[in-house]
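With the numbering used here applied, the sequence shown corresponds to residues 21 to 389, in that order.
For every residue, glycine included, the Cβ atom is placed at its ideal position computed from N, Cα and C.
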Amino acid sequence: MALIEFESVTKRYPGAAANAPAVDALDLTIEAGEFLTLLGPSGSGKTTTLMLLAGFEAPTAGVIRLDGKPIQALPPHKRNMGIVFQSYSLFPHMTVAENVAFPLSVRGVRAADARGRVEAALAKVRLEEFAARKPAQLSGGQQQRVALARALVFEPRLVLMDEPLSALDKRLREAMQLEIRRLHRELGVTMVYVTHDQSEAMTLSDRVALFNRGRIEQVASPQTLYDAPANPFVASFLGDNNMVAGVRETPAQLRTPRGAVLRGRPGPGAAANGHATLCVRPESLRVGIDGSALAGDNVLAATLVDAIHQGDHWRLVMRLDDGAGEPTSAESPAAAQWFAKLSPSAVPPGLRPGQSLKLAFRADDAWVY
Numbered sequence: 021m022a023l024i025e026f027e028s029v030t031k032r033y034p035g036a037a038a039n040a041p042a043v044d045a046l047d048l049t050i051e052a053g054e055f056l057t058l059l060g061p062s063g064s065g066k067t068t069t070l071m072l073l074a075g076f077e078a079p080t081a082g083v084i085r086l087d088g089k090p091i092q093a094l095p096p097h098k099r100n101m102g103i104v105f106q107s108y109s110l111f112p113h114m115t116v117a118e119n120v121a122f123p124l125s126v127r128g129v130r131a132a133d134a135r136g137r138v139e140a141a142l143a144k145v146r147l148e149e150f151a152a153r154k155p156a157q158l159s160g161g162q163q164q165r166v167a168l169a170r171a172l173v174f175e176p177r178l179v180l181m182d183e184p185l186s187a188l189d190k191r192l193r194e195a196m197q198l199e200i201r202r203l204h205r206e207l208g209v210t211m212v213y214v215t216h217d218q219s220e221a222m223t224l225s226d227r228v229a230l231f232n233r234g235r236i237e238q239v240a241s242p243q244t245l246y247d248a249p250a251n252p253f254v255a256s257f258l259g260d261n262n263m264v265a266g267v268r269e270t271p272a273q274l275r276t277p278r279g280a281v282l283r284g285r286p287g288p289g290a291a292a293n294g295h296a297t298l299c300v301r302p303e304s305l306r307v308g309i310d311g312s313a314l315a316g317d318n319v320l321a322a323t324l325v326d327a328i329h330q331g332d333h334w335r336l337v338m339r340l341d342d343g344a345g346e347p348t349s350a351e352s353p354a355a356a357q358w359f360a361k362l363s364p365s366a367v368p369p370g371l372r373p374g375q376s377l378k379l380a381f382r383a384d385d386a387w388v389y
């Protein structure tokens with residue numbers, strides 16, 4: 021049995037449009053011991069879903085179950101869930117040890133028992149020597165570790181995290197991701213994590229639920245989301261993706277408005293004779309000045325807009341030429357460009373903006389939706 025179940029859960033806020041609920045008929049299960057990330061753009065419903073699970077919001081409709089029992093009427097402090105917020109929410113007048121002990125004191129744990137549990141929780145996050153310090157004497161990363169220790173100290177079955185690393189700089193954020201990943205593996209506690217950062221979701225998660233406008237577009241492992249996205253939104257949100265619009269001639273073939281025929285793997289529910297979008301990742305493109313030297317199921321003409329050196333690879337920005345079809349994107353069709361991600365050895369010599377190029381990619385590396 022799943023640890024957590026959302027069944028047709030909807031949340032509407034007063035004054036919001038009737039057709040725009042914050043969470044819309046959500047069905048989701050969370051297995052015991054897994055790390056599930058709720059990912060999506062701002063306003064997609066991921067944080068509202070976490071607040072519904074924590075008990076800080078009540079659903080307008082639907083049922084949330086813990087171990088098969090409805091918990092909508094259960095107050096937050098009786099749900100046995102640890103919570104880590106973006107703002108840390110530490111008490112400035114208390115020491116680190118007192119902050120971590122606070123959830124035990126409100127649960128009536130004796131001071132003698134609490135001491136050992138606080139020491140163990142601080143050891144898990146490697147902060148034993150900071151027990152007597154105040155939060156203001158710690159770095160941002162150390163404060164976030166204290167918040168994590170406080171969420172773990174009463175041994176909850178579920179730990180909820182609402183964008184806990186967003187206030188940290190890149191290097192510290194990446195270090196904390198590894199720390200959270202280590203704790204999850206060592207403790208086996210179920211974790212539900214909210215972020216808008218796709219890289220963070222890919223690093224941490226067993227599964228990712230990708231939200232859009234109050235609904236889940238796809239829930240799967242990070243690798244499945246990246247390699248087999250369910251639709252163009254998933255393909256464009258998780259990693260870079262090049263897209264071109266047209267009409268589907270077969271489940272695996274698309275013809276652009278200007279006559280180019282492109283092939284890919286058929287997406288879910290593929291059928292012929294409808295509007296369609298082809299998606300291909302930048303790293304799947306091969307680029308050449310002479311098209312005859314490129315082998316592939318699909319070859320397109322393009323013009324180089326820019327070439328950007330990014331250390332371990334080059335990022336080429338291109339515009340598809342007339343006859344290749346109009347590029348598109350999920351958010352702004354007119355502004356879309358195509359990108360290629362190439363190793364230094366794969367970049368044709370002498371590239372310059374305005375130069376004509378050929379792009380090639382295999383049908384197995386593209387999707388037709």
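Per the DSSP secondary-structure output, GLU27 pairs in a beta bridge with VAL83. Look at ASN119 here: in three-state DSSP terms it is helix.
Residues ALA151, ALA152, ARG153 and LYS154 of the same chain have their beta carbon placed closer than 7 Å to that of THR115, with the five preceding and five following residues left out of the count. Beyond the five residues adjoining it in sequence on each side, GLU54 comes within less than 7 Å, by CB distance, of THR210, ASP226 and ARG227 in the same chain, given in chain order.
Comparing alpha-carbon positions, the option among GLN197, SER363, THR69 and PRO286 lying closest to SER219 turns out to be GLN197. Contact between the region 25 to 39 and the region 134 to 143 is absent: fewer than three C-beta pairs spanning the two stretches fall below 8 Å. If you ignore the 5 residues before and after SER28, its C-beta comes within less than 8 Å of the C-beta of ALA45, LEU46, ASP47, ALA81, GLY82 and VAL83, all in its own chain and listed in chain order. For GLY102, the enclosing beta strand (DSSP E) has its first and last residue at 101 to 104. Sorting ALA360, ILE236 and ILE309 by C-alpha distance to the C-alpha of HIS333 places ALA360 at the top. Note: ARG193 is not bridge-paired with any residue in the DSSP secondary-structure output. Within the region 133 to 199, the runs of alpha helix (DSSP H) at least 4 residues long that lie entirely inside it are, in chain order, 160 to 172.
PHE111 is classed as exposed because its beta carbon has fewer than 16 other beta carbons within 10 Å across all chains shown.
Under DSSP, PHE381 forms a beta bridge with ASN318.
Partner residues in a beta bridge of PHE253, as assigned by DSSP, do not exist.
Of the residues assessed, VAL145 falls on the buried side of the cut-off, its CB having 16 or more other CB atoms within 10 angstroms.
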